[in-house]
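Have a look at the structure below before the remarks.
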Ligand SMILES: [Fe+2]
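Numbering (the working numbering), first residue to last: 7 to 260.
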């Protein structure tokens, strides 16, 4: 996990930011290239305003949590993933029959954060990255309302099965994982295949957008239960953060 530090002492770490920065400068060769980044003041201000404003407190930020730069964030699974181009095509096809507002609470920005959460988890859980990506796009894709719609997951699963072999092709065992993950994703289950559990956690970690904060016991993978992971996902969720992919899909609709 990577963090960006605040001007305030880092609570819980017992060290002041300036002392930590000094120690890093003295030992810079010991840190990997992507271990940290230094923001300019406009970038810092922009992040506070746009991404994690909800973490602000009394005019100052608390600990500012980031997951690092945008770009290649999934070092061990990127070769298994669908490309953004393929995902955009799939999303646009899904949206042709989407009954709700694409910018709504179960829409494209949510799909993007679920995908990002899931891929970050997949780095640790061994989940099938392609299933995780498709879960993000399909699980809420056939909602008929933003409230109680208990069969929407099953409808999303059926759509995925119907589209398999077109813009994407999953092996039958992987398709079954995807269908199961979509169909059962609202039932609060915590047991199952690692790929399925990763999908469910990816979705639950984005609940803070509707003021629901997942308790670790309700999550089903070890990395998702980490306090930092929950906090970082929550910051993006509350701020309605748009991943680059989600923004590109939305832009393509206009
Ligand atoms: Fe969802």
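Note that beta-carbon positions come from the ideal geometry of N, C-alpha and C, so glycine has one too.
- Taking 8 Å as the cut-off, the Cβ atoms of residue 180 and residue 137 count as close.
- The beta carbons of residue 206 and residue 187 sit about 7 Å from each other, so the pair counts as a contact at 8 Å.
- Non-local beta-carbon contacts of residue 258 in its own chain, meaning distances under 8 Å to residues more than five positions away in sequence, involve 94, 98 in chain order.
- The beta carbon of residue 197 lies closer than 8 Å to those of 203, 226 in the same chain, with the five residues before and after it left out.
- Put simply, of 118, 183, 130, 218 the residue whose alpha carbon is nearest the alpha carbon of residue 83 is 130.
- Secondary structure at residue 134: coil, using DSSP grouped into helix, strand and coil.
- Scanning its chain for C-beta atoms nearer than 6 Å, with the 5 sequence neighbours on each side dropped, one finds around residue 214 the residues 240, 243, 244, in chain order.
- Three or more Cβ pairs closer than 8 Å define a contact, and the stretch 101-120 meets that threshold against the stretch 246-253.
- Within 10 angstroms of the beta-carbon of residue 147 lie 16 or more other beta-carbons, which makes it buried.
- Within the same chain, Cβ atoms closer than 8 Å to the Cβ of residue 194 are found at 224, the five residues on either side in sequence being excluded.
- Apart from the 5 residues on each side of it in sequence, residue 113 sits with its Cβ closer than 7 Å to the Cβ of 106, 107 in its chain, given in chain order.
- Straight through space, the alpha carbons of residue 80 and residue 228 are spaced by roughly 18 Å.
- For residue 182, the closest C-alpha among the options 173, 162, 109 is that of 162.
- Scanning the stretch 86-164 from its first residue to its last, the whole alpha helix (DSSP H) runs of 4-plus residues come out as 90-101, 114-131, 135-144.
- One alpha carbon belongs to residue 174, the other to residue 96, and they sit about 8 Å apart.
- Of the other Cβ atoms in all chains shown, fewer than 16 fall within 10 Å of the Cβ of residue 151; this residue is therefore exposed.
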